[in-house]
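The sequence shown: position 169 = 168 (numbering that gives the first Met the number 0), numbered continuously. Note that beta-carbon positions come from the ideal geometry of N, C-alpha and C, so glycine has one too. Since the model is a prediction, treat every value here as computed from it, not as a measurement. Shown next, in structure tokens, is the structure this report addresses.
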Amino acid sequence: MEIKRRKVVFLSILSSLLFVIGGCGDGNDETQPPNHEKTENTSQEHNKEMKDSGSEEGTDHSGMDHSGSGEVPEGLKEAEDPKFPVGSKAMITDAHMAGMKGAEATISGAYVTTVYTVTYNPTNGGERVKNHKWVIHEELIDSGEAPLEPGTEVKTEATHMEGMEGATLEIDSAEQTTVYMIDFTPTTGGEMVTNHKWVTESELSAVE
Numbered sequence: 000m001e002i003k004r005r006k007v008v009f010l011s012i013l014s015s016l017l018f019v020i021g022g023c024g025d026g027n028d029e030t031q032p033p034n035h036e037k038t039e040n041t042s043q044e045h046n047k048e049m050k051d052s053g054s055e056e057g058t059d060h061s062g063m064d065h066s067g068s069g070e071v072p073e074g075l076k077e078a079e080d081p082k083f084p085v086g087s088k089a090m091i092t093d094a095h096m097a098g099m100k101g102a103e104a105t106i107s108g109a110y111v112t113t114v115y116t117v118t119y120n121p122t123n124g125g126e127r128v129k130n131h132k133w134v135i136h137e138e139l140i141d142s143g144e145a146p147l148e149p150g151t152e153v154k155t156e157a158t159h160m161e162g163m164e165g166a167t168l169e170i171d172s173a174e175q176t177t178v179y180m181i182d183f184t185p186t187t188g189g190e191m192v193t194n195h196k197w198v199t200e201s202e203l204s205a206v207e
């Protein structure tokens, strides 16, 4: 009888242990397999956002100096009666880089000059830049009288882009107009851009 009683007690203890072990195995501490699909989707979305943040004109302007010192070239004449006076607001209707088009600008300078679109090879060895907007006549070196004819080659002291200063520019087009220096906050977010050079009058519209 004693042996039989001990056997029953042993079986009871064994059953209890198996129950406890089984309960631990069904707990919430089970290691989940990595969700590779979710990680891959997140990476693809990030890459798309990076691509979409590029220039709205399809040209790489990552080397452009968004903000300037506010200094202007010697000899540049202030506009006497500009359409957008200094201190007024205007909407940017054309973009040289991502975040410009649709942004509200504050006019920080208005000048009358000849503006050029230019093509050049950067002095830092980067890829050839085509139809860059804008370089003004006063930023050219030993340029003579304005306007210069398309195809003319001339050096510049402009520093709008990395590798621009000292580069030989080929004139693509010329236009006499009012140019503006502006402050704006990019529509893509980020800090305010101050004293950005240059936008033309045709690239701005009145704030409604």
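Sub-8 Å separation of residue i and residue j beta-carbons
i	j	result
His95	Val117	no
Lys82	Glu200	yes
Ile135	Thr151	no
His208	Lys196	There is simply no residue 208 to check, as the chain begins at 0 and stops at 207 in what is shown.
Host beta strand (DSSP E) of residue i (start-end)
i	result
Ser107	103-119
Lys132	128-135
Met89	Before going on, a small fix: residue 89 reads as Ala here, not Met. Unbroken beta strand (DSSP E) run through Ala89: 88-91.
Lys154	152-154
Cβ-Cβ separation, residue j to residue i (assumed contact under 8 Å), whole Å
i	j	result
Ala205	Ala89	7 Å
Leu203	Thr92	7 Å
Glu174	Val114	5 Å
Ala78	Thr177	5 Å
Thr155	Leu168	5 Å
Checklist entry - Should the region 98-106 be regarded as contacting the region 124-142, the criterion being three or more beta carbon pairs within less than 8 Å? => result Under the 8 Å Cβ criterion, the region 98-106 does not count as touching the region 124-142, having fewer than three qualifying pairs.
Checklist entry - Is it a yes or a no for the region 106-126 touching the region 177-184, going by three-plus beta-carbon pairs under 8 Å? => result The region 106-126 vs the region 177-184: in contact.
Next on the checklist: Could you check whether the region 156-166 touches the region 115-129, counting it as contact only if at least three pairs of C-beta atoms, one from each stretch, sit closer than 8 Å?
Outcome noted: yes
Next on the checklist: To test your reading of the DSSP string, which unbroken alpha helix (DSSP H) runs of 4 or more residues are found completely within the region 157-205?
Outcome noted: Fully enclosed alpha helix (DSSP H) runs of 4 or longer: not present.
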